[in-house]
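Encoded as structure tokens, the structure appears first; notes follow it.
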Amino acid sequence: VSMEMKDSGSVVLTAYHPHSPARMPSVEQSFGQEVPSSHSPSSRKSLSRCRRINRMLSNEPTPPPTFSRSNSQVSMDSTSMEDFWCEVESIKESSEDRPEESTLLEFKPADEGELEAEWLQDAGLSTLISGAEEEDGQALLSTLTRTQAAAVQKRYNTYTQTLRKKNKHTVRDVRDIFGISDSSPTFETVPVSPVPSNGIQLPGQKPVWKSVSSNSCLDCGLDKGSPSVTEELSYEVSFSESVTVVPKTRERQKNQRFKKDDSALPKFIIRKSRFGLTEVGDLSPEDMKKIRYLSLIELTAFYDALGVELKRNRTERIKGRENGLFGVPLTALLENDQKKVPGIKVPLIFQKLLLKLEETGLETEGILRVPGSASRVKNLHQELEAKFYEDTFDWDQVRNNDAAGLLKMFIRELPSPLFTVEYLPAFITLVEKISKIKLQLQALHLLIMLLPEANRDTAKAFLQFLKKVVANEGKNKMNLWNVSMIVAPNLFIYKGKRANQQEMQAAATTAHIVRLLIRYQDILWTVPSFLISQVRKMNEAAMNNSKRQLMFDKGVRKLLRRKTMERERPERPEGAVTFPPYLQSEIPEGVIRVYAPLHSKVSMAIQLNSQTKAKDILARFHCENSHGSSQNMGGQIQSLHEIGGNIGQHCLDPDAYMLDVYRANPQAEWVIKPKAS
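Note that the UniProt record's numbering has the sequence shown beginning at 1, numbered continuously upward.
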């Protein structure tokens, strides 16, 4: 008996494409037969269909190759996947009444070498393909660690060998590009040494850790029932350089069992170094673009070090609606929404659905799991499309379960999955081929850094909501594993392809991924310090490459400005602030001038010592301005920003030690202003 799902828009579970077929283990045997007691009567009506799916899957004929289960294709200890399959069935039923749409995603098999070419472009190394002497590409290459350089060279060699076979054109040898005369060409790499968080390695300086206190580490464990052993995560050295032992194949593939108990997940902390911690929104878009380049290279090097293939899909065409709410690409939605709310980072409709559920639905029993009325959800969907932007939609009429249905529908109907078509296989692989949760978390961390900005911000808002759902488990009966099982098929499905048996096997895998995303989200949205260090070095290399021209231009501009000022000396505007020359350019060592344009006292020279923190400077400005006529801050939280030098813009952790940050970037300017939301 083979499983056949109705067309229904052609729903598919996950983008996982194994190269060889595998035997499907008995679902009853693998996933257990226990039905969670928290099922409500309304969710039981599809139970027979869910069981039928399980039986159909378990009776699939066995392909010839022998099956060796990986750790993701096995059972949950004392756990049923019933919720997962019921959600799949609910998704199928809800889409049966929808009009058929043309295929939204088309895949084209990549020619030999094309994946490598796309990888080089996505990693910011198009200079290796075009042959142009691009400063950004050269600066990026100069910052690579040993393992990162090996990963780049491996892809570049494959690309060049393919082109030579095809005789398309003469390909430059890697030795010609980097001036290497050795018979075994390698990229020049930077020495690998621990670097202070968010900074660069200073001569003779070792990273200094703060003592453990309630505010000195980022704690992503469980509040109760968590393991007594707490494991520390290090951001000081790249993950790929930290891999010391490559797991043997047979060890990776041995039968390991997921445990649904939340306490089975380890507790991780990231201790704050003297540079503090940096969240994704703390860096400028330009620097985050470089973080994405470096994250792809590091992820590839990390998988290489573990002996795991980094799989990715190649999307030929993505088509979506240009207007409306559902089925519209995130970038198009945000472009439309930003006309109403400048600077918005998460689509308005998605924010409103989350807000509705947070206000009234967090304590609803079975929220997310218990489906709403299909007919009501359909009518609400049509009404939202017509009235949302006119602000005439009545949110009071929306029941909580219907709002949850609309939320899941929004995610499913994105033309491209929230975690992108290209890297969905990498999400699956990190669990199927990597057994240790710490290594899974490191791979997941890099994949989050890789996401486009719109996807990453929307995913963050969604996961923050799911964390609140789990926090109300006592009333809504939805624990971490329940939520993960329901959310997984909504996140890891997309339109345009039918589900097959092998992809169905990834059910446990995807639920485990969602569980990691919810539990460790605070860690996942923290930028690893070794990547920030590389961005600093990349910016310094780019500055050095163009230093002569910049100095010439600066000299010319200064001369012209001086001549102009001599001819026209305008009167100084009333209230303007003028600083003596020694405060403008000849600031003593260890003294920084901090600017606060929104305060009545707009500037202050501050002598730093080894204990001065960013929050101390903020407190000093607040104290000085409390005696004067400080401008209204509008309730916004003020933060100290590091701007320029070897960083674009960096919102500093209040616990950052300023003398260390100053020494890492002595050319920076220091400005107090509201933190970007």
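By construction, the Cβ of each residue, glycine as well, lies at the ideal position given by its N, Cα and C atoms.
* If I270 and L144 are in contact, beta carbons under 8 Å, what's the gap, nearest whole angstrom? -> The count along the sequence shown starts at 1 and reaches residue 270 at position 270. The count along the sequence shown starts at 1 and reaches residue 144 at position 144. So it is not a contact: roughly 24 Å between Cβ atoms.
* Mind checking whether I523 and F268 have CB atoms under 8 Å apart? -> Stepping through the sequence shown from its first residue, residue 523 is reached at position 523. Stepping through the sequence shown from its first residue, residue 268 is reached at position 268. For I523 and F268, yes; Cβs fall inside 8 Å.
* Examine the Cβ distances between the segment 507–519 and the segment 435–450 and report whether three or more of them are shorter than 8 Å. => These segments touch.
* Using beta-carbon positions only, say whether N476 and E359 come within less than 8 Å of one another. => Residue 476 sits at position 476 when you count from the first residue of the sequence shown. Residue 359 sits at position 359 when you count from the first residue of the sequence shown. Contact: no.
* Residues in its own chain within less than 6 Å of S125 by CB, not counting five upstream and five downstream? -> For the purposes of this step, residue 125 is identified with residue 125 of the sequence shown, where counting begins at 1. The question names Ser, but residue 125 is Leu in the sequence shown. The beta carbon of L125 sits closer than 6 Å to the beta carbons of G137 from its chain, once the five residues preceding and following it are set aside; these are given in chain order.
* C-beta atoms of M538 and K290 nearer than 8 Å -> For the purposes of this step, residue 538 is identified with residue 538 of the sequence shown, where counting begins at 1. For the purposes of this step, residue 290 is identified with residue 290 of the sequence shown, where counting begins at 1. A contact, by the Cβ cut-off of 8 Å.
* Determine the closest residue to Q148 out of A508, F492, W525 and L531, with distance taken between C-alpha atoms. => In the sequence shown, the residue the question calls residue 148 occupies position 148. Taking only the C-alpha atoms, the option nearest Q148 is L531.
* **Inter-residue Cα distance where the pair is S452 and V346** => As a first step, residue 452 must be located in the sequence shown, where it is residue number 452. As a first step, residue 346 must be located in the sequence shown, where it is residue number 346. Just to set this straight, residue 452 is Pro in the shown sequence, not Ser. Roughly 13 Å separates the two Cα atoms.
* Beta carbon of Q440, beta carbon of L450: below 8 Å? -> Sequence index remark: in the sequence shown, residue 440 carries index 440 (1-based). Sequence index remark: in the sequence shown, residue 450 carries index 450 (1-based). Not closer than 8 Å, so no.
* **Burial state of S546 (16 or more Cβ within 10 Å)** => Locating residue 546 in the sequence shown gives position 546, where the first residue counts as 1. Flag for S546 reads exposed.
* Name the two residues that bound the continuous alpha helix (DSSP H) containing residue 681. => Missing from the structure shown is residue 681; the chain here goes from 1 to 677 and no further.
* What number of angstroms, rounded off, separates the C-alpha of P588 from the C-alpha of P266? -> Taking the sequence shown and counting its residues from 1, one reaches residue 588 at position 588. Taking the sequence shown and counting its residues from 1, one reaches residue 266 at position 266. Approximately 48 Å between the Cα atoms of the pair.
* **Start and end residues, beta strand (DSSP E) containing A605** => By 1-based counting over the sequence shown, the position of residue 605 is 605. From DSSP, the beta strand (DSSP E) with A605 extends over S603 to Q607.
* Keeping to the same chain, check which residues put their C-beta closer than 7 Å to that of K356; ignore five residues upstream and five downstream. => In the sequence shown, residue 356 corresponds to position 356, counting from 1. The answer, listed in chain order, is W395, V398 and A403.
* Asked: Under the rule that 16 or more other beta-carbon atoms within 10 Å means buried, what is I617, buried or exposed?
  -> Position 617 of the sequence shown holds residue 617. Looking at its Cβ environment, which holds 16 or more other Cβ atoms inside 10 Å, I617 is buried.
* Of the listed residues V237, V243 and G276, nearest to K613 (C-alpha basis) -> Numbered from 1 along the sequence shown, position 613 holds the residue referred to as residue 613. Each of V237, V243 and G276 was checked against the Cα of K613, and the nearest Cα belongs to G276.
* Keeping to the same chain, check which residues put their C-beta closer than 7 Å to that of L463; ignore five residues upstream and five downstream. => One-based indexing of the sequence shown puts residue 463 at position 463. So the list reads L517, I518 and Q521, once near-sequence residues are dropped.
* Which of the three DSSP states, helix, strand or coil, is assigned to G281? -> Locating residue 281 in the sequence shown gives position 281, where the first residue counts as 1. The answer is helix: DSSP assigns G281 an H, G or I state.
* Asked: For G405, which of helix, strand or coil comes out of DSSP?
  -> As a working mapping, residue 405 is identified with position 405 in the sequence shown. It is helical.
* **Where the beta strand (DSSP E) through L640 begins and ends** => As a working mapping, residue 640 is identified with position 640 in the sequence shown. Where L640 is concerned, the enclosing beta strand (DSSP E) stretches over Q638 to G644.
* Asked: Sorted by chain position, which residues of the same chain lie with C-beta nearer than 7 Å to A637's C-beta, five sequence neighbours on each side aside?
  -> As a position in the sequence shown, residue 637 is number 637, starting the count at 1. Note on identity: in this sequence residue 637 is Ile, with Ala being the wrong assignment. Non-local C-beta neighbours of I637 in its own chain, meaning closer than 7 Å and more than five positions away in sequence, comprise P674 and K675, ordered along the chain.
* To do: Compare the C-alpha of L418 against each of T331, G361 and W481 and name the closest.
  => What you label residue 418 is simply residue 418 of the sequence shown in a count that begins at 1. The option with the nearest alpha carbon to L418 is T331.
* Asked: Taking the Cβ atom as the reference point for each residue, do V377 and L406 lie within a distance shorter than 8 Å?
  -> Position 377 of the sequence shown, counted from the start, is the residue given in the question as residue 377. Position 406 of the sequence shown, counted from the start, is the residue given in the question as residue 406. Result yes, Cβ atoms of V377 and L406 sit closer than 8 Å.
* Entirely enclosed beta strand (DSSP E) segments - the segment 433–505, minimum 3 residues -> 493–495
* Asked: Which whole-angstrom value is the C-beta distance of D287 and G648, which I expect to be below 8 Å?
  -> On the sequence shown, residue 287 is found 287 positions in, with the first residue counted as 1. On the sequence shown, residue 648 is found 648 positions in, with the first residue counted as 1. With 8 Å as the limit, D287 and G648 qualify as a contact, their Cβ atoms being about 4 Å apart.
* Among H650, E642 and I672, which has the Cα closest to the Cα of A619? -> The count along the sequence shown starts at 1 and reaches residue 619 at position 619. Measuring from the Cα of A619, the nearest candidate turns out to be I672.
* To do: For the alpha helix (DSSP H) holding W670, just list the boundary residues, first then last.
  => Stepping through the sequence shown from its first residue, residue 670 is reached at position 670. No alpha helix (DSSP H) contains W670, which is instead part of the beta strand (DSSP E) from E669 to P674.
* **Alpha-carbon to alpha-carbon, L368 and E473** => On the sequence shown, residue 473 is found 473 positions in, with the first residue counted as 1. On the sequence shown, residue 368 is found 368 positions in, with the first residue counted as 1. Spanning the two alpha carbons is a distance of roughly 12 Å.
* Own chain partners of R155 with C-beta closer than 7 Å, once the 5 adjacent residues on each side are dropped -> The count along the sequence shown starts at 1 and reaches residue 155 at position 155. Counting only Cβ-Cβ distances below 7 Å, and skipping sequence neighbours, we find E116, W119 and L120.
* Is the Cβ-Cβ distance between T278 and H641 less than 8 Å? -> Indexing the sequence shown from 1 puts residue 278 at position 278. Indexing the sequence shown from 1 puts residue 641 at position 641. T278 is not a Cβ neighbour of H641, given a cutoff of 8 Å.
* Rounded C-beta distance between L334 and A454? I'm assuming under 8 Å. -> Indexing the sequence shown from 1 puts residue 334 at position 334. Indexing the sequence shown from 1 puts residue 454 at position 454. For a cut-off of 8 Å, the C-beta gap from L334 to A454 is around 6 Å, short enough to register as a contact.
* Let me know the secondary structure DSSP gives Y662 once reduced to three states. => Indexing the sequence shown from 1 puts residue 662 at position 662. In the structure shown, Y662 sits in a helix (DSSP, three-state: H, G or I).
* To do: Report buried or exposed for E365, applying the criterion of at least 16 other Cβ atoms within 10 angstroms of its Cβ.
  => Position 365 of the sequence shown, counted from the start, is the residue given in the question as residue 365. E365 should be labelled exposed.
* Count the other C-beta atoms from every protein chain shown that fall within 10 angstroms of the C-beta of Q382, then say buried if there are 16 or more, exposed otherwise. => On the sequence shown, residue 382 is found 382 positions in, with the first residue counted as 1. Under this definition Q382 is an exposed residue.
* Could you check the C-alpha separation between residue 678 and A461 for me, to the nearest Å? => Since the first residue shown for the chain is 1 and the last is 677, residue 678 is missing from the structure and cannot be characterised.
* Where does T145 fall in DSSP's three states? -> Counting from one through the sequence shown, the residue named residue 145 turns up at place 145. T145: coil per DSSP, three-state reduction.
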